């Protein structure tokens, strides 16, 4: 019972911090300048980990590898709770990799859903162009294949389905006893 509560608390904190680190990596990867409120939140929450990691892992190719590795370290730390439950190192490492990939896929799904909500509710919201720019690298190749149906862009739906398929495949990496 106590391990379940501990896991819930650790996972909640780790998911929030890992999501911020992944967002930080993706913003730099797609070269999107965030609105000041998003930038302030992201950098203040993650600088304590990213700055020291940058001394060890410099940015190469224009990517913020320290943010990506920081996110993996957070998921690895959160998964170490499995050690308390008696799982071997190999299982913990595989579970960490699985959770890391799931965080990435869930992050992309969340961005797509946020873009869909903006398009329905307020396409001119201040954050809408930022979210659209984050999604563009995912949607561009799909838009080349999936034509418009009338004036309806189905690329967002196709992207969500493809991400869910990827989620199922990632879920098959390891199944805990």
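Numbering (the working numbering), first residue to last: 1 to 177.
Cβ atoms here follow ideal geometry from the backbone N, Cα and C, with glycine treated the same way.
Note that the structure is predicted; figures quoted are calculated from it, not measured.
### residue 45 versus residue 69: straight-line alpha-carbon distance, rounded
16 Å
### Pairwise C-alpha distance: residue 149 and residue 77
46 Å
### Task
Check residue 16 in the structure and name its three-state DSSP category.
helix
### Within-8 Å CB hit, residue 136 to chain C
Here chain C cannot be found, since the structure has a single protein chain.
### Query
Do residue 167 and residue 98 have their C-beta atoms within less than 8 Å of each other?
In terms of Cβ geometry, residue 167 and residue 98 do not form a close pair [threshold 8 Å].
### Query
Going by the CB atoms, is the gap between residue 3 and residue 84 shorter than 8 Å?
Residue 3 is positioned such that its CB atom lies closer than 8 Å to that of residue 84.
### Query
When we look at the beta-carbon of residue 47 and count the other beta-carbons within 10 Å, is it buried (16 or more) or exposed?
exposed
### residue 18 burial status per 10 Å Cβ neighbour count (16 or more: buried)
Flag for residue 18 reads buried.
### Nearest candidate by alpha-carbon position, reference residue 140, set 173, 71, 123 and 112
112
### Task
Compute the Euclidean distance between the alpha carbons of residue 108 and residue 137, then round it to the nearest angstrom.
The alpha-carbon separation between residue 108 and residue 137 amounts to approximately 11 Å.
### Task
Thinking residue 56 and residue 105 are a contact (beta carbons under 8 Å), I'd like their distance in whole angstroms, please.
In fact, because the Cβ distance is near 27 Å, the residues do not count as touching under 8 Å.
#### Entry: residue 56 in three-state terms, based on DSSP
In this structure, residue 56 counts as helix in the three-state DSSP scheme.
### Query
Per DSSP, residue 152 is paired with what?
149
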